[in-house]
């Protein structure tokens, strides 16, 4: 697919296939088009050219809420909780509308279970203000899970975590996959991607420059150049 | 339709268009910098008209000079409103600024009314010493007042453009409008820019009101409809875009004049609404993204 | 039914308390003008509830008077031109603003706050022009229409005042329960989600457009009901003046002063502001009292953006807490 914003070509000719049950990593330097790709899939900024098919459905022209109900959930790069609701209700909304829970009470029950799963049970009745960044990320994940998504798009859900937090996060993601979800993870942290993903796709300047197993990607000269090139800082590649 | 009628429709369109252009420019400037829609703009407009009227009517000042006094006075009122009103709401929820703006309508409209209504009852109009004079261009004749009005409006807008693009103040305004945080990092005092911009917007409203009041009867309640049309112009031209406001305002004035001529007076006010509805039907998110 | 009552336990108690208090007041006070003032309070509380509900979905309508006026016009036209009995017209008339709400909501369904405000602000003027010009043959243009009485024929003035009072009270309490019920339901959760963050709401599966339209339609109906009630019982007349700025500002003030986002807030706010205004009008006259109202809105927005309700709720809560502590302390 392709997508441009005014004069800026954000994505051009990106071709991507995600088999069920895999964890696919999406990496690339800043501005490579990773978030644009997620927004395109979820219907926020539909592509100008190309098609998106999910589970036999064509996603073209569908509004974001419909795409969610078809089974694609996402987290936002900057956590955006619904400020007027408690953490429980944040998740319950997703269970109710995305997950098609039978009633408000049933949605609340599901929300409790999911908060438990991500480790936020203690914060259920509290408002999201004052949550740590780690917990906010978990809330994002909980909300996406509550929509009964079969494909989860995680947008840099691990940025800003300490090493131990990251290990826990990896375990959580694997448990999510074991529950039957397919995951597309956008990440900055190359090390994380290498350890958890089955396959990695690399974007640069809106195009796909490489795809393969983590090992193959790690040895790919184009990828190394993209991260170590003169315009980039070396920090990302060190990971 | 003969030439004389065409010219008349066009001139009247440009005259009213100038009023809408000035209103829309003020509102859009204020929004660009403060990200607030000033719903009380129509009331500032009427206060400006009234001050000009009083100076001309009671003090015998030439209305075209009185306008400048009015602009300064209302500009100062605007600065005060920003400093002691909107500034306090800056850190809270955005919606409170809207509510405050609505409250201003009640305050300003009735403050003007309590002075106006006992003395002047229904409507007044600003009389100029040139009411009967015309500019003779051979084939056509234009009312002298219309010509002065158009020239004055054009001059002020050009002056504004010069200020915006050639002075440091203008640069500060444009920078704050595009990226407030970035502007502050550059050392621009955003709070001062807020005050000045609101003052300029208010002054433009006073000018618009005065020009309006020369060619139309007005009362404390007359400001609402023109301001609503200014909103329509802004939605069509893009919130935050001065160019859109200027072009849109003039264009709309001509369209409204033409519509009134061809469809009759009862359709005058409906023009803006029909345009707006048509636009919203075809592009529900508005013609432009916010902040162009 | 049982689950619904359980979920709304608190609101049903409050509703019962309101009914009891208002009826007790009625029994105690027979001054006509006081009863009339409270009848206005009941009607405008319904109007405020309507605005509050729509605001609950993130749509802060600045032209709500369009719905109020269209409800009056709808009901009166149906009663006078079609000969429908007033009691039925009362509930049919609001269908007009409900439809208008659907239309306006539809036009604005994707607009963000600033644009939404400007368009709704303009809506009252649009409706006024339409009512006076294009539909003038139906609405009698600037002269307006007289409204047939709702109260049964042959009742003396005092009885009519009591009738209006009780009817207004009943509809206000009913509206309160309905609105509270909506707020606690799926729909209410959708509204809040949209209010807080549309992108997140959509990502969670909420159909933003559908619920925004729903809010405007239901809000339009309820506001129309207030308008119809006002026309048939208190003012007995409707004219295009209803589409002025003031009537669009009142429900905003009532809701904010009382407490946005709660079902009780608008009622509390309407009571406090209205009583204050009645007093102000007698003391300082029309223009000054409106200036005071404007200042009041400005002050509430600056100082008490959450309205009076949290203060009241905290006071009630602390009384309850003190009582509980005392009960626990007893041997």
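Chains as they are written, first to last, in our numbering: chain A, 49 to 287; chain B, 1432 to 1723; chain C, 20 to 350.
Yeah, the Cβ is synthetic: ideal placement off N, Cα and C, and Gly gets one too.
For residue i, the nearest candidate out of the options (CA to CA)
i: residue 271 of chain C; options: C:205, C:197, C:68; result: C:68
i: residue 206 of chain A; options: A:189, A:273, A:196; result: A:189
i: residue 258 of chain C; options: C:276, C:150, C:228; result: C:150
i: residue 1677 of chain B; options: B:1434, B:1436, B:1457; result: B:1457
i: residue 1577 of chain B; options: B:1443, B:1673, B:1558; result: B:1443
i: residue 304 of chain C; options: B:1682, B:1605, B:1544; result: B:1544
i: residue 1560 of chain B; options: B:1645, B:1469, B:1630; result: B:1645
i: residue 1684 of chain B; options: B:1435, B:1488, B:1440, B:1635; result: B:1440
i: residue 45 of chain C; options: C:178, C:34, C:274, C:226; result: C:178
Endpoints, the alpha helix (DSSP H) within which residue i is located
i: residue 1525 of chain B; result: 1525–1551
i: residue 134 of chain A; result: Neither: residue 134 of chain A is in no alpha helix (DSSP H) and is coded neither H nor E.
i: residue 157 of chain C; result: 155–158
i: residue 63 of chain A; result: Note, residue 63 of chain A: premise wrong, no alpha helix (DSSP H); not H, not E.
i: residue 208 of chain C; result: 205–215
i: residue 1685 of chain B; result: 1673–1694
i: residue 224 of chain C; result: No alpha helix (DSSP H) holds residue 224 of chain C; DSSP gives it neither H nor E.
i: residue 100 of chain C; result: 84–100
i: residue 396 of chain C; result: A query on residue 396 of chain C cannot be resolved here, the shown segment of chain C reaching from 20 to 350 and no further.
Cβ-Cβ distance between residue i and residue j below 9 Å
i: residue 253 of chain C; j: residue 74 of chain C; result: no
i: residue 239 of chain C; j: residue 113 of chain C; result: yes
i: residue 266 of chain A; j: residue 247 of chain A; result: no
i: residue 4 of chain A; j: residue 179 of chain A; result: The displayed coordinates of chain A run from 49 to 287. Any statement about residue 4 of chain A would go beyond what the structure contains.
i: residue 1633 of chain B; j: residue 1546 of chain B; result: no
i: residue 141 of chain A; j: residue 154 of chain A; result: no
i: residue 175 of chain A; j: residue 133 of chain A; result: yes
i: residue 88 of chain C; j: residue 1652 of chain B; result: no
i: residue 144 of chain A; j: residue 128 of chain C; result: no
i: residue 1501 of chain B; j: residue 1640 of chain B; result: yes
Endpoints, the beta strand (DSSP E) within which residue i is located
i: residue 255 of chain A; result: 255–260
i: residue 1557 of chain B; result: Here residue 1557 of chain B belongs to no beta strand (DSSP E), and DSSP marks it neither H nor E.
i: residue 120 of chain C; result: Looking at the DSSP string, residue 120 of chain C is not in any beta strand (DSSP E); the run it does join, the alpha helix (DSSP H), is 114–126.
i: residue 1619 of chain B; result: Neither: residue 1619 of chain B is in no beta strand (DSSP E) and is coded neither H nor E.
i: residue 233 of chain A; result: 230–234
i: residue 1403 of chain B; result: The structure shown does not extend to residue 1403 of chain B, since chain B is modelled only from 1432 to 1723, so the question has no answer here.
Test: residue i CB closer than 9 Å to a CB of chain A
i: residue 280 of chain C; result: yes
i: residue 211 of chain C; result: yes
i: residue 216 of chain C; result: yes
i: residue 292 of chain C; result: no
Distance cut-off 8 Å: residue i Cβ against heavy atoms of the ligand COA
i: residue 176 of chain A; result: For the structure depicted, the ligand COA is absent and the ligand set is empty, with no information on it obtainable.
Interface flag, residue i vs chain C, CB-CB below 9 Å
i: residue 1666 of chain B; result: yes
i: residue 124 of chain A; result: yes
i: residue 1704 of chain B; result: yes
i: residue 1608 of chain B; result: no
i: residue 1721 of chain B; result: With a pLDDT of 44 at residue 1721 of chain B, under the threshold of 50, the modelled position of that residue is not reliable, and no figure is offered here.
i: residue 1529 of chain B; result: yes
i: residue 1524 of chain B; result: yes
i: residue 286 of chain A; result: Because the pLDDT of residue 286 of chain A is 43, which lies under 50, any placement of that residue in the model is unreliable, and the number read from its coordinates should be weighed accordingly. Not one chain C Cβ lies under 9 Å of residue 286 of chain A.
i: residue 92 of chain A; result: yes
i: residue 230 of chain A; result: no
i: residue 281 of chain A; result: Note that residue 281 of chain A scores 47 on pLDDT, short of 50, meaning its location in the model is unreliable; the coordinates nonetheless yield the value given after this. Not an interface residue.
i: residue 310 of chain A; result: Here chain A comprises residues numbered 49 to 287, so residue 310 of chain A is not present and cannot be evaluated.
Residue-chain proximity (residue i, chain F), Cβ-Cβ < 9 Å
i: residue 1544 of chain B; result: Here chain F cannot be found, since the structure's protein chains are A, B and C.
Chain B contact for residue i (CB, 9 Å cutoff)
i: residue 306 of chain C; result: yes
i: residue 361 of chain C; result: With chain C running from 20 to 350 in the structure shown, residue 361 of chain C is simply not present.
i: residue 24 of chain C; result: no
i: residue 150 of chain C; result: no
i: residue 153 of chain C; result: yes
i: residue 167 of chain C; result: no
i: residue 314 of chain C; result: yes
i: residue 321 of chain C; result: yes
Counting pairs of beta carbons, one from the segment 1526–1541 of chain B and one from the segment 1658–1674 of chain B, are three or more of them closer than 8 Å? no
Answer yes if the segment 120–138 of chain A comes into contact with the segment 177–192 of chain C, meaning at least three C-beta pairs across the two stretches below 8 Å, and no otherwise. no
Say whether the segment 1456–1464 of chain B touches the segment 1694–1704 of chain B, bearing in mind that this needs 3 or more beta-carbon pairs closer than 8 Å, one atom from each stretch. no
Pairs of beta-carbons, one from the segment 209–225 of chain C and one from the segment 51–64 of chain C, closer than 8 Å: are there three or more? no
contact_flag[the segment 70–84 of chain C, the segment 294–305 of chain C] where n(CB pairs < 8 Å) is 3 or more: no
Is the segment 31–39 of chain C in contact with the segment 229–249 of chain C, if contact means three or more CB pairs nearer than 8 Å? no
Taking contact to mean at least 3 C-beta pairs separated by less than 8 Å, is the segment 1580–1594 of chain B in contact with the segment 1513–1523 of chain B? no
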